[in-house]
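The next block holds one structure in the form of structure tokens; read it before the comments.
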Amino acid sequence: MASVSWMGRYRHLIESIVRHRNAFARVMNAKTEKFGDISMSIVEWEVLEYIIEHENDDSSMAQLSERLMIPSSSFSKISKTLCSYGLIEKYQMVNNRKNIILKPSDLGRKFYNDRASDLQEQIFDAFFKELENVSDEDLNHFAAALDAICPSEENEKEYMLIKRESNL
Numbered sequence: 001m002a003s004v005s006w007m008g009r010y011r012h013l014i015e016s017i018v019r020h021r022n023a024f025a026r027v028m029n030a031k032t033e034k035f036g037d038i039s040m041s042i043v044e045w046e047v048l049e050y051i052i053e054h055e056n057d058d059s060s061m062a063q064l065s066e067r068l069m070i071p072s073s074s075f076s077k078i079s080k081t082l083c084s085y086g087l088i089e090k091y092q093m094v095n096n097r098k099n100i101i102l103k104p105s106d107l108g109r110k111f112y113n114d115r116a117s118d119l120q121e122q123i124f125d126a127f128f129k130e131l132e133n134v135s136d137e138d139l140n141h142f143a144a145a146l147d148a149i150c151p152s153e154e155n156e157k158e159y160m161l162i163k164r165e166s167n168l
């Protein structure tokens, strides 16, 4: 009979991570976030959020896909959906038209800012409250531990961008 004793004192934490991962997997592609004419999945929201948070990085779609651990084909579909809503725009490098760079549109920034506070209140306030007494150093260690499970490589470079004619 197999034993789970190898997890030791981390068993409860691993159980919580697994439960969260499974709950997330169940709803990750469902269009659960509806805002007027825009209906988004959790993953689409997270991609929009990441693009807004890192809009000055000029990272390619391939780099973003790798950082977020989303298969490139799925990431392409997500970016196409976000472009169709007018929330992001595609750019390309002058000297390399294959590397597509995603940037939030003005509508995307406004849309995100208008909705983010609601999500914080509905979902994350209780989560943050549980973490109030955890030091910043301990939070960084926990984030590093999660990153150790799913490491990714980043290649940061500077490029001049031009806006693509078609954003679809």
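Going by this note's numbering, 64 is the number at position 64 of the sequence shown; the sequence numbering is gapless. C-beta atoms are modelled at their ideal positions from N, C-alpha and C, and glycine is treated no differently. The model shown is predicted, which means the values in this text are computed figures rather than measured ones.
Under 8 Å between C-beta atoms of residue i and residue j
| i | j | result |
| --- | --- | --- |
| residue 102 | residue 64 | yes |
| residue 41 | residue 28 | yes |
| residue 68 | residue 44 | no |
| residue 124 | residue 87 | no |
| residue 163 | residue 89 | yes |
| residue 92 | residue 48 | no |
Element boundaries [alpha helix (DSSP H), containing residue i]
| i | result |
| --- | --- |
| residue 112 | 106–119 |
| residue 50 | 42–53 |
| residue 17 | 11–27 |
| residue 83 | 72–84 |
| residue 65 | 61–68 |
| residue 30 | First-last for residue 30: undefined, no H or E at that position. |
| residue 123 | Looking at the DSSP string, residue 123 is not in any alpha helix (DSSP H), and its letter there is neither H nor E. |
| residue 140 | 136–149 |
Extent of the continuous beta strand (DSSP E) to which residue i belongs
| i | result |
| --- | --- |
| residue 88 | 88–93 |
Residue environment, residue i, which counts as buried when at least 16 other CB atoms sit within 10 Å
| i | result |
| --- | --- |
| residue 165 | exposed |
| residue 136 | exposed |
| residue 118 | exposed |
| residue 72 | exposed |
| residue 157 | Since pLDDT at residue 157 reaches only 44, below the 50 mark, its modelled position is unreliable, and the value read off the structure follows with that caveat. It is exposed - the Cβ of residue 157 has fewer than 16 other Cβ atoms within 10 Å. |
| residue 203 | With the chain represented from 1 up to 168, any question about residue 203 goes unanswered, as that position is not in the structure. |
| residue 78 | buried |
| residue 17 | exposed |
C-beta neighbour in chain D for residue i, strict 8 Å
| i | result |
| --- | --- |
| residue 165 | Absent from the structure: chain D. Only one protein chain is present. |
8 Å contact criterion, which residue i and residue j should meet: CB distance rounded
| i | j | result |
| --- | --- | --- |
| residue 35 | residue 115 | 6 Å |
| residue 146 | residue 139 | Rounded, the Cβ-Cβ distance is 11 Å, inconsistent with contact. |
| residue 38 | residue 85 | 5 Å |
Are the stretch 2–12 and the stretch 51–58 touching by the rule of at least three beta carbon pairs closer than 8 Å?
no
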